[in-house]
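Enquirer: Heads up: the sequence shown runs through residues 13 to 205, numbered per the numbering used here.
For every residue, glycine included, the Cβ atom is placed at its ideal position computed from N, Cα and C.
Quick one: structure below, then a few questions.
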Amino acid sequence: MLGQSRLKSAAVVLGLSAPLLLAGCVTEETQLQNNGTDVYDPSGLMSLLNATIVAGNPDSGKAAFLGTFLNSAQDTDQVESITANGVEADMTEIQLVDGLATAVQTGRETTAEFSDFNVTRSSYVPVTVRYKNAAEMNFQALVVPPGGYYFEAAPAGTKPEGILSELPDEVTGEETTATDKVATDNEEFGTQE
13 MLGQSRLKSA AVVLGLSAPL LLAGCVTEET QLQNNGTDVY DPSGLMSLLN
63 ATIVAGNPDS GKAAFLGTFL NSAQDTDQVE SITANGVEAD MTEIQLVDGL
113 ATAVQTGRET TAEFSDFNVT RSSYVPVTVR YKNAAEMNFQ ALVVPPGGYY
163 FEAAPAGTKP EGILSELPDE VTGEETTATD KVATDNEEFG TQE
């Protein structure tokens, strides 16, 4: 009788602690994912995953589209236009081969960048994607700053922001004074590196 009671107690403790142990796993996985908008055409044959607008530097008027198209149809399709907040993107040819995913991002084979795009970061803007064959998609996409995960997807010529602006010149290819400021702060407080 005493053995069964201990077994039940151990099962209860394990049952209550399992969500706490597994919560860390879910958090790590979530941090690795782009949190853009997922959109599906009414037929379910065309999908757009993680659609996001990456802003350029402030007052540059630049932005870039980031997303992955998945064509589940049996025919190749093509993106004819991407418009965000009323501004049409300047795009490379974006062929959507049946059964394959096509990533659109600055620095890749397929790109879509906006000019005269002045929208507050961390806001949602209306986006329209028109295809040659598939149904038009209308949705809201988040505008994010060009830092961290999104820096590589920022419009061409964008200078890094946030933590990337503090990297040495060899890494960013740009002159920066961020490391000089750190040295000045350390001297001011009497600490050594």
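Going by alpha carbons, who is nearest to residue 155 out of 147, 165 and 148?
Expert: 165
Enquirer: The beta strand (DSSP E) with residue 52 in it runs from where to where?
Expert: 49-52 is the extent of the beta strand (DSSP E) around residue 52.
Enquirer: Is it buried or exposed for residue 150, if we count other Cβ within 10 angstroms and need 16 for buried?
Expert: exposed
Enquirer: Taking its Cβ as the centre, do 16 or more other Cβ atoms sit within 10 Å of residue 137, making it buried, or is it exposed?
Expert: buried
Enquirer: With DSSP as the reference, identify every bridge partner of residue 64, one or two as the case may be.
Expert: 78 and 154
Enquirer: Spatial neighbours of residue 54 within its chain, please: C-beta separation below 8 Å, excluding the five flanking residues on both sides.
Expert: Within the same chain, residue 54 has close Cβ partners 147.
Enquirer: Here's the rule: buried if 16 or more other CB atoms are within 10 angstroms of the residue's CB, otherwise exposed. What is residue 79?
Expert: buried
Enquirer: Taking 6 Å as the limit between beta carbons, can you name the residues of its chain near residue 90, skipping five residues before and five after?
Expert: 107 and 144
Enquirer: Which residues does DSSP pair with residue 172 in a beta bridge?
Expert: Beta-bridge pairing links residue 172 to no other residue.
Enquirer: Which partner residues of residue 90 appear in the DSSP bridge assignment?
Expert: 107
Enquirer: Rounded to whole angstroms, what is the Cα-Cα separation between residue 68 and residue 172?
Expert: Taking the straight line from one Cα to the other gives about 9 Å.
Enquirer: For the beta strand (DSSP E) that residue 70 lies in, which residues bound it at each end?
Expert: No beta strand (DSSP E) contains residue 70, which DSSP labels as neither H nor E.
Enquirer: Are the Cβ atoms of residue 101 and residue 85 separated by less than 7 Å?
Expert: no
Enquirer: Going by C-alpha distance, which of 152, 129 and 56 is nearest residue 139?
Expert: 152
Enquirer: What are the partner residues of residue 102, as DSSP defines its beta bridges?
Expert: 125
Enquirer: Going by the CB atoms, is the gap between residue 130 and residue 169 shorter than 7 Å?
Expert: Going by C-beta atoms, residue 169 is not nearer than 7 Å to residue 130.
Enquirer: Helix, strand or coil for residue 160 per DSSP?
Expert: helix
Enquirer: I'd like to confirm the pairing. Which residues does DSSP put opposite residue 120 in its beta bridges?
Expert: DSSP, once it has assigned bridges, lists no residue as partnering residue 120.
Enquirer: Report the rounded CA-to-CA distance for residue 122 versus residue 135, giving the unit in angstroms.
Expert: Distance between the alpha carbons of residue 122 and residue 135: 25 Å.
Enquirer: Identify the residues that DSSP records as bridge partners of residue 59: which are they?
Expert: 52 and 82
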